[in-house]
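Enquirer: If you scroll down you'll find the structure; I have some questions about it.
In mature numbering (1 follows the signal peptide of the UniProt record, and there is no 0), the protein residues as written are -17 to -1, 1 to 143.
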């Protein structure tokens, strides 16, 4: 982060430089083909608060129902804003959220499409599968350890 802060004698902070935004794009609800949903473009950690947001569908500019976007101040003096686009997901459609801001040399764009969302769902199940396998192997290990412990106790008692 290239944010430069200057501590004043009064203890207040002064934002002294422009800070470029972080941008994320994601659906509000789990995506179901041909079922209405909302894409959210979350723009965070930027200064100054003036920002321009543009949505596209298949490289065509689309308007949002509420083009007014209210920036909100973060506790660190930077700003964030949410922009929403209602949509009906279909195979082959791709969407983007483009941000223009004084701290950016050129507009910054984030993309979303149904294919990428499906990939996230598949790769998102990896940790759950890994955890399931680890728990199963752990239970087998405990069972084997218990078996050998009991068998060892019987063998040990037969020696005396």
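Glycine included, each C-beta is placed from N, C-alpha and C at the ideal position. This one's a predicted model, so the numbers in the text were calculated from it and none came from an experiment.
Between which two residues does the beta strand (DSSP E) carrying residue 2 extend?
Expert: Here the question's residue 2 lines up with position 19 in the chain shown. That residue, residue 2, is in no beta strand (DSSP E); it is neither H nor E in DSSP.
Enquirer: Taking the alpha-carbon positions, what's the residue 144 to residue 114 distance?
Expert: As displayed, the chain neither begins before -17 nor continues past 143, which places residue 144 out of reach and without an answer.
Enquirer: Closest to residue 80 by C-alpha separation, out of 127, 61, 137 and 44, would be which residue?
Expert: Within the chain shown, residue 80 is the residue found at index 97, counting from 1. Answer by Cα proximity: 44.
Enquirer: Between 16, 82 and 69, which lies nearest to residue 25 when the distance is taken from Cα to Cα?
Expert: Here residue 25 is taken as the residue at index 42 of the chain shown, counted from 1. Of the listed residues, the one whose Cα sits closest to residue 25 is 82.
Enquirer: Between which two residues does the beta strand (DSSP E) holding residue 18 run?
Expert: Taking the first residue of the chain shown as position 1, residue 18 is located at position 35. It is not in any beta strand (DSSP E) - residue 18 carries neither H nor E in the DSSP assignment.
Enquirer: What are the residues that DSSP puts in a beta bridge with residue 24?
Expert: Start at 1 with the first residue of the chain shown, and residue 24 comes out as number 41. BP columns for residue 24 point to 8 and 66.
Enquirer: Excluding five sequence neighbours on each side, which residues of the same chain lie with their C-beta closer than 6 Å to the C-beta of residue -15?
Expert: To locate residue -15, count along the chain shown from 1; it is residue 3. Note that residue -15 scores a pLDDT of 39, beneath 50, so its modelled location is shaky and nothing firm can be said.
Enquirer: Would you kindly work out how many angstroms separate the C-alpha atoms of residue 97 and residue 20, rounded to a whole number?
Expert: On the chain shown, position 114 is the one that residue 97 refers to. On the chain shown, position 37 is the one that residue 20 refers to. Using only the alpha carbons, I get a separation of about 12 Å.
Enquirer: How is residue 98 classed by DSSP in three states: helix, strand or coil?
Expert: Here residue 98 refers to the residue found at position 115 of the chain shown. Residue state, collapsed to three classes: helix.
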